[in-house]
Every structure is written in structure tokens, then in C-alpha cells.
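J.: Residue numbering for the sequence shown follows our numbering, starting at 1 and increasing by one per position. Glycine included, each C-beta is placed from N, C-alpha and C at the ideal position. None of these values were measured; they are calculated from a predicted model. Below you'll find the structure I mean.
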Amino acid sequence: MPQTILNHILEQLQSLELSELQQLDQAVQDYLTHQEQAAKTAAFHQSLITSGLVRKIKKNSGKQSIRRQLLEIPGEPLSRTVVEERR
């Protein structure tokens, strides 16, 4: 970060109220925590690749798994039907 940007940010701090400073502090702490966790994860993944335990780390697609609701189906369980048909 260029020094001029940092100086500008520090000057802006003077105009913030206490509650705004606390919000800013929380946001900075959250950001730093996220960055530290990302660095640890990247180092862990790199160590797995270097050690040969894995060849490639797949990226998370970001999609959450869909919870599907189970359906009640009348009659015998499907597994029992399959076993009986195989006999």
C-alpha cells in the first residue's frame, strides 16, 4: 500500500466517532483473521502437495449441499426387493 493511501486513511480516522472506530476495529480484526486462516490453509495444501499425499487441491465450488427430504414409499424396503430379485 502506498504511503499516501495509508496517510489518507489515518487522517480519516480523526473524523470517526467511537462507535464507528469500534466497527472499524471489528472489521479489521475479521479481515485479519480471515487472511491468517487463508494463509494457514494454503500452507497446509502446499505441504500436502509437496509431501506427495495429493496431486491437486480441488477448489470448493461454493455451492452448499442441498438437504433433500426423504420420501415415504409404501411397501417393502427397496433393498429387500433387490435382494429377493437377485436370488
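Could you name the residues of the same chain whose beta carbon sits closer than 8 Å to that of T41, not counting the 5 residues immediately before and after it, in chain order?
T.: none
J.: How is N7 classed by DSSP in three states: helix, strand or coil?
T.: helix
J.: To the nearest angstrom, how far is it from the Cα of I49 to the Cα of R55?
T.: 6 Å
J.: Using a Cβ-Cβ cut-off of 8 Å (strictly less than) and excluding sequence neighbours within five positions of S79, which residues of its own chain qualify?
T.: Annotation for S79: no residue places its beta carbon closer than 8 Å to its own, counting only its chain and skipping 5 residues before and after.
J.: Looking at L6: is its Cβ nearer than 9 Å to the Cβ of L16?
T.: No; because the gap between Cβ atoms is not below 9 Å, this pair is not in contact.
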